[in-house]
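A.B. asks: Input: one structure, supplied below.
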Amino acid sequence: MAKEILEYNRNSPKLIITSAAGHTRSNTDLADSLMIYLGVSGAERTTMDAHMTFFSPDTDVMVLIIANYDRLPKSTDISLASHVQKIEPLWVALGPDRAKALPGFHAFSGADNTGRFSRIAKNTWFKHFMNAEEHIIEAFHNISHDQKLSENTQSRLE
Numbered sequence: 000m001a002k003e004i005l006e007y008n009r010n011s012p013k014l015i016i017t018s019a020a021g022h023t024r025s026n027t028d029l030a031d032s033l034m035i036y037l038g039v040s041g042a043e044r045t046t047m048d049a050h051m052t053f054f055s056p057d058t059d060v061m062v063l064i065i066a067n068y069d070r071l072p073k074s075t076d077i078s079l080a081s082h083v084q085k086i087e088p089l090w091v092a093l094g095p096d097r098a099k100a101l102p103g104f105h106a107f108s109g110a111d112n113t114g115r116f117s118r119i120a121k122n123t124w125f126k127h128f129m130n131a132e133e134h135i136i137e138a139f140h141n142i143s144h145d146q147k148l149s150e151n152t153q154s155r156l157e
């Protein structure tokens with residue numbers, strides 16, 4: 000499908016980015032980040048009133064788009080398997096700090112590999128995330144930016 004989307008939009012003025020083996024020339028783990036990097040890079044080269052759509056059914060991609068929404072065009076969405084989701088309402092509902100911390104939370108709570116972490120469902124963890132104090136949000140933000148988890152960040156999450 001990614002190949003067909005790229006072919007169909009070859010002459011389109013829209014910036015089209017898809018993630019599929021052979022089209023990103025990256026392994027699966029890096030393809031998600033590469034999509035966001037290319038999206039941000041494209042946004043820097045165009046006006047912020049452009050429209051950008053990511054095509055991916057992957058939760059990891061959506062999490063990264065939300066976390067980097069402030070660097071993408073304001074009219075950014077993701078085409079999922081069942082619908083197209085606008086990113087702005089998600090960013091607004093989370094707020095900038097929680098949006099930036101979302102990748103750390105997503106990794107900490109079991110990502111999309113399992114519906115539970117420590118026998119607690121993802122939606123329960125998300126409620127805790129939305130009600131968490133600022134130092135917890137900062138710790139989740141640090142998870143996705145620090146190469147090594149500091150003792151301070153680790154103690155905040157325990």
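In numbering that gives the first Met the number 0, the protein residues as written are 0 to 157. Even for Gly, the Cβ is constructed at its ideal location relative to N, Cα and C. Everything numeric in this text was worked out from a predicted model, so none of it was measured.
Report the option in Thr52, Pro56, Ser11, Ser108 whose CA atom is closest to the CA atom of serine 81.
C.D. replies: Cα-wise, what sits closest to serine 81 is Pro56.
A.B. asks: Taking 8 Å as the threshold, find out whether the segment 70-81 comes into contact with the segment 92-106 through three or more Cβ pairs.
C.D. replies: No, the segment 70-81 is not in contact with the segment 92-106.
A.B. asks: With a CB to CB cut of under 7 Å and the five nearest residues on each side skipped, what residues in its chain are close to arginine 24?
C.D. replies: Model confidence at arginine 24 stands at a pLDDT of 41, short of 50, so the residue's coordinates are unreliable; what they give is reported in the following sentence. Cβ within range, chain order: n/a, list empty.
A.B. asks: Might you give, ordered along the chain, the residues of its own chain that have their beta carbon closer than 8 Å to the beta carbon of leucine 71, omitting 5 neighbours on each side?
C.D. replies: The answer, listed in chain order, is Gly38, Val39, Ala42, Met51, Ile64, Ile86.
A.B. asks: For glycine 103 versus serine 74, is the C-beta distance shorter than 9 Å?
C.D. replies: Cβ atoms of glycine 103 and serine 74: not closer than 9 Å.
A.B. asks: Does the Cβ-Cβ distance between histidine 134 and aspartate 59 come in under 9 Å?
C.D. replies: Cβ distance not < 9 Å, so histidine 134 and aspartate 59 don't count as in contact.
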